[in-house]
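Student:
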Amino acid sequence: MTTTHQDIPPALARALREARRIVVFTGAGVSAESGIATFRDALTGLWSRFDAQALATPEAFRAHPDVVWGWYEWRRAQSLRARPNPAHLAIAELARRGAEVTVVTQNVDDLHERAGSAGVLHLHGSLHAPRCSACGQPWRPEADPPEDPGEGRRIMPPACGACGAPVRPGVVWFGESLPARAWQEARGAAERCDLLLSVGTSALVYPAAELPLLALSKGAVVAQVNPAATPLDARAHHNLHGPAATLLPALLRASGLRHSG
Ligand code: BJW
Ligand code: ZN
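The working numbering applies: residue 3 is where the sequence shown begins, and numbers increase by one.
(1) Express the C-alpha separation of Leu197 and Leu113 in angstroms, rounding to a whole number.
(2) For the stretch 175-187 against the stretch 10-19, do three or more pairs of beta-carbon atoms, one drawn from each stretch, fall closer than 8 Å, so that the two count as touching?
(3) What's the C-alpha gap between Leu123 and Asn109?
(4) Thinking C-beta only, is His126 closer than 8 Å to Val201?
(5) Do Pro132 and Arg170 have their C-beta atoms closer together than 8 Å?
(6) Any chance you could list the alpha helix (DSSP H) runs of at least 4 consecutive residues sitting entirely within the stretch 174-226, in chain order?
(7) Do you know how far the Cα of Ala145 is from the Cα of Arg255?
(8) In its own chain, which residues sit with a C-beta less than 7 Å from the C-beta of Ala217, not counting the 5 before and 5 after it?
(9) Which runs of the alpha helix (DSSP H) spanning at least 4 residues fall entirely within the stretch 82-144, listed in chain order?
(10) According to the Cβ coordinates, are Phe41 and Val106 closer than 8 Å?
(11) Report whether the distance from the Cβ of Ala136 to the nearest heavy atom of the ligand ZN is below 7 Å.
(12) Could you compute how far the alpha carbon of Ala58 sits from the alpha carbon of Gly29?
(13) At which residues does the alpha helix (DSSP H) containing Leu63 begin and terminate?
(14) Can you tell which of Pro251, His130, Glu95 and Ser128 has the C-alpha that lies nearest to the C-alpha of Gly118?
(15) My output table needs one value for Ala161: the three-state DSSP class, helix, strand or coil.
(16) Return the chain-ordered list of same chain residues with a C-beta closer than 6 Å to the C-beta of Arg260, the five sequence neighbours on each side being excluded.
(17) What residue range is occupied by the uninterrupted alpha helix (DSSP H) comprising Arg19?
(18) How long is the line joining the alpha carbons of Thr6 and Gly166, rounded to whole angstroms?
(19) In angstroms, rounded to a whole number, what distance separates the CA positions of Ala84 and Arg116?
(20) Taking Cβ to Cβ, would you say Ala92 is nearer than 8 Å to Leu206?
(21) When the Cα atoms are used, what is the spatial distance from Arg23 to Ala101?
(22) Leaving aside the five residues before and after Asn87 along the sequence, list all residues of the same chain whose C-beta is less than 7 Å from its C-beta, in chain order.
(23) Consider the C-beta atom of Ser204 and the heavy atoms of the ligand BJW; say whether any pair is separated by less than 7 Å.
(24) How big is the Cα-Cα spacing for Leu214 and Asn241?
(25) Mind checking which residues open and close the alpha helix (DSSP H) that includes Arg255?
(26) So, with DSSP's three-state summary, where would you put Arg78?
(27) Just the Cα atoms here: how many angstroms apart are Pro67 and Leu82?
(28) Using 10 angstroms around the beta-carbon of Met3, count the other beta-carbons present and answer buried if the total reaches 16, otherwise exposed.
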C-alpha cells in the first residue's frame, strides 16, 4: 500500500496508538533534512569522483588513509554543525508517550541523542568515537575539525598515543562485524515489538536490513517512511512515501499522540 503526504492510514495510526513496544529503525534519510547528505549521496562536490561504497572499507583506509580520514573529518564537521530536525524530535517524543521505544540507527551522527532519545543503538558506530586502528585505544580529538575541512581534502590520520598506529574513524565498514551488544539488543527488540517503523533507509545493507524482516516474521506491524521505494516496500504493511520530517509529526498527530505543532 502506497500513501502520499499527510495521508496517514487509520490502521497505522491505531497501531501506533496501541503499540506497547515500538522499534524505530533509522537510516541516513532521517538526518537528510538536517543537512547531512545521505550515505549514497555523501560524495558530492569534489568528493563525487570517489565511490562511497569503496571508501567505507578497511582496505581503502589501508591504501589511502589520508583520503578516507579527510572524508570522515569533513563528515564529522557536517555532523557537528547539524541540528536535529522534526523527525528526530518526533521519535524522541514517542518515548514520552508511554510505549517502550527502542531507537536503532545505522547513522553515525548523534542527532537522535541530541533530540532527546535515550539508549540509542548505533549499529554502524559513530563519527564521534575514533579509535586506534591497531590497539583500539579511543582517541579524543583535541579540537573540532575545521569548520569545513574542504571537500576532497586529504588529511593524514593522527597517530595513536599508545602505539603510534594510525587512528581510524569509529564506524563499521563493509566486511566488519557490527558491535555485538548493540546488534543483539536490536534483534531482541525487533523480535518483541508490536510495531517497527523503518525510517529513511534504503534497506540495502545487511545485516541491519534484516531487522524489519525479523519483526514481520514475529507478527509485528511494519511501516516504512521514505520518499523513494526500497526493497522493503513489497513486505511492509504501510509505505509512507514522503520526507520523514513531515510524515513522522503527521503520524503522531494522526495517532492522537500529539495535539498540535
Ligand atoms: C529519506 C529522506 C527524507 C532521503 N526522509 N527518507 C547479505 C547479502 C548481501 C551482502 C551482505 C549480506 N550480509 C552482509 C553483506 C555485506 C555487506 C552488505 O550489506 N552489502 C550490501 C551493500 C549488499 N555488509 C557488511 O559488510 C556488514 N558487515 C557484515 O556483514 O559483517 C559480517 C561479515 C564479516 C566479514 C565478511 C563479510 C561479512 C557491515 C555493514 C556496515 C555498513 N557501514 C556503512 C558505513 C558506515 C560508516 C559511514 O557512514 O561511512 O553504514 S555503509 C552505509 O550504508 C552506512 C549506512 O549506515 C548504511 C545504510 O545506508 P542508509 O542509512 O540506508 O543510507 P542510504 O544513503 O543508502 O539511503 C538513504 C535513504 O533515505 C534513501 O532510501 C532515501 O530515499 C531516503 N531519504 N531523504 C526520509 N527526507
Ligand atoms: Zn594504538
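Even for Gly, the Cβ is constructed at its ideal location relative to N, Cα and C.
Tutor: Taking the definition as stated:
(1) 22 Å
(2) no
(3) So the alpha carbons of these two residues sit roughly 10 Å apart.
(4) The Cβ atoms of Val201 and His126 do not sit closer than 8 Å to each other.
(5) yes
(6) 182-194 and 212-219
(7) 41 Å
(8) Val25, Ala192, Cys195, Leu198 and Val224
(9) 88-97 and 113-117
(10) no
(11) yes
(12) 16 Å
(13) Here residue 63 is Phe; the residue named in the question, Leu, does not match the sequence. Counting along the chain, the alpha helix (DSSP H) containing Phe63 begins and ends at Pro60 to Ala65.
(14) Glu95
(15) Strand.
(16) Leu254
(17) Pro12 to Glu20
(18) Since pLDDT at Thr6 reaches only 40, below the 50 mark, its modelled position is unreliable, and the value read off the structure follows with that caveat. Cα-Cα distance, rounded: 53 Å.
(19) Using only the alpha carbons, I get a separation of about 10 Å.
(20) no
(21) 6 Å
(22) Glu35, Ser36 and Ala247
(23) yes
(24) Residue identity check: residue 214 is Pro in the sequence provided, not Leu. One C-alpha to the other measures close to 13 Å.
(25) Ala246 to Ala256
(26) Residue state for Arg78 is assigned as helix, using DSSP reduced to three classes.
(27) 22 Å
(28) Interpretation of Met3 is limited by its pLDDT of 47, a score under 50 that renders its predicted location unreliable; the figure taken from the coordinates is listed afterwards. Its Cβ having fewer than 16 others within 10 Å, Met3 is exposed.
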